[in-house]
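Under our numbering, the first residue of the sequence shown carries the number 1, and numbering increases by one thereafter.
Backbone N, C-alpha and C define an ideal beta-carbon position, used for all residues, glycine too.
First the structure, in the form of structure tokens, and then the observations on it.
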Amino acid sequence: MKDNIILDTGPLIAILNRRDKYHHWALEHWNQIQPSMLTCEAVISEACFLLTGTGSGIDSVMQMIQRKIIAISFHLDEHIQTVKNLLLKYRSVPISLAGACLIKMSELHPESRIFTLDSDFNLYRKNRRRIIPTIMPE
Numbered sequence: 001m002k003d004n005i006i007l008d009t010g011p012l013i014a015i016l017n018r019r020d021k022y023h024h025w026a027l028e029h030w031n032q033i034q035p036s037m038l039t040c041e042a043v044i045s046e047a048c049f050l051l052t053g054t055g056s057g058i059d060s061v062m063q064m065i066q067r068k069i070i071a072i073s074f075h076l077d078e079h080i081q082t083v084k085n086l087l088l089k090y091r092s093v094p095i096s097l098a099g100a101c102l103i104k105m106s107e108l109h110p111e112s113r114i115f116t117l118d119s120d121f122n123l124y125r126k127n128r129r130r131i132i133p134t135i136m137p138e
């Protein structure tokens, strides 16, 4: 896939954890994506937290960044008002900081798709009304 792919936490964890129920699904799609996948620091933070105690998981995430498989291409301080508005708008869904940042990233990269396991992206909208294209399990 040559499109801009925006990476969420779920597939990243699934790739690195062979026991994850989505490991095979995520790996199949991961192997079709050409680097770099775009993401935000909030996703990296969530992934590192969830991979604590898994051996080399955190190191693998850092290596992916160093090798430019994953590119951190979002600066929260430049989009703070939009992200804050998204957090407030979707607080009852709920939404994480990472999710709000990924929605904004999908607005900044109009031809992108979000690689996620989070079905809430079916409810979220970019540019107020537009469906966010995703790669997610059915």
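- Below 8 Å, too few C-beta pairs join the stretch 124-132 and the stretch 13-23 to call them touching: fewer than three.
- By the neighbour-count definition (other C-beta atoms within 10 Å, threshold 16), THR52 is an exposed residue.
- Secondary structure note for LEU7: it is in no alpha helix (DSSP H), and the uninterrupted beta strand (DSSP E) holding it is 5-7.
- Counting other Cβ atoms within 10 Å of its Cβ, SER112 reaches 16 or more and is therefore classed as buried.
- Taking every protein chain shown into account, the CB of PRO11 has 16 or more other CB atoms within 10 angstroms, so this residue is buried.
- Shortest Cα-Cα distance from ILE65 to any of CYS40, GLN81, THR82 and PHE49 involves CYS40.
- Taking the Cα positions, ILE44 is about 24 Å away from ILE131.
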